[in-house]
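Residues in the sequence shown are numbered consecutively from 190, following the numbering used here. Ideal placement from N, C-alpha and C gives every residue a C-beta, glycine not left out. Everything numeric in this text was worked out from a predicted model, so none of it was measured.
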Amino acid sequence: MTGANMPLAEKFGTKPLRLLIVGHNPSEHSWESGKYFSQPTNNFWKLVKESGLCDIEEGVNDDYMVENLCVGFTDVIRKHNSDSRVFKRDDYREKHTFFYKRIKDNALRVGGAPERIAFIGKKQYSMLFNPPLARVELGLQKEHPTDFPFECEIWVLSTPSGRSPMKWDQRVEPYKELADSMHLAF
Numbered sequence: 190m191t192g193a194n195m196p197l198a199e200k201f202g203t204k205p206l207r208l209l210i211v212g213h214n215p216s217e218h219s220w221e222s223g224k225y226f227s228q229p230t231n232n233f234w235k236l237v238k239e240s241g242l243c244d245i246e247e248g249v250n251d252d253y254m255v256e257n258l259c260v261g262f263t264d265v266i267r268k269h270n271s272d273s274r275v276f277k278r279d280d281y282r283e284k285h286t287f288f289y290k291r292i293k294d295n296a297l298r299v300g301g302a303p304e305r306i307a308f309i310g311k312k313q314y315s316m317l318f319n320p321p322l323a324r325v326e327l328g329l330q331k332e333h334p335t336d337f338p339f340e341c342e343i344w345v346l347s348t349p350s351g352r353s354p355m356k357w358d359q360r361v362e363p364y365k366e367l368a369d370s371m372h373l374a375f
């Protein structure tokens, strides 16, 4: 089974997470490869390396991060479509309860909630609020989404999409701030 017939597995590991990375939805390339942020034009792994969040060889390293660093990966919406523009408010409202259940069930399974959750992009964080936030700054957030299941640090990081016009320095800065907050523990 490949592609649309085989979903990309959420990657939570077997221990409480130091960091849970949350995308909006896996790309078709990720569904096909079984690896998060594997689309060649996606800059996520470059941002991770340059920010110091994880000092590993550049490339798709989600399995390494789960197994060795207690960093997990999931998405708010899990459908075959990577274009965030097609997902509307109703999609997020429909899926947010299931997203909360998945991350809460994992915390119960491993014996603890994530220390930090990092949303990769503003939209999926904003859409968890009712009504959605009109403005979201990158970095550590002061507000938790409606009915959020944990008291933990919540971060919003810049989109790693190759289509984003954001300048590289602006893009990497929130990743560096997150790495600093974790005391460069990796």
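query	result
Cα-Cα separation, Asp-369 to Arg-352	27 angstroms
Whether Pro-338 touches Tyr-289 by CB criterion (8 angstroms)	yes
Backbone secondary structure at Val-345 - three-state DSSP	strand
Rounded distance between the beta-carbons of Asn-214 and Ile-266, thought under 8 angstroms	4 angstroms
Status (buried if at least 16 other CB within 10 Å, exposed otherwise) for Arg-360	buried
Option in Val-211, Asp-280, Pro-303 with minimal Cα separation from Cys-341	Pro-303
Which listed residue (Gln-228, Met-254, Lys-224) has its alpha carbon closest to that of Lys-238	Met-254
Leu-317 beta carbon less than 8 angstroms from that of Pro-334	yes
Per-residue DSSP class, three states only, for Arg-305	strand
Inter-residue Cα distance where the pair is Gly-301 and Asp-294	10 angstroms
Sub-8 angstroms separation of Trp-344 and Ala-307 beta-carbons	yes
Tyr-281 and Gln-330 closer than 8 angstroms at C-beta	no
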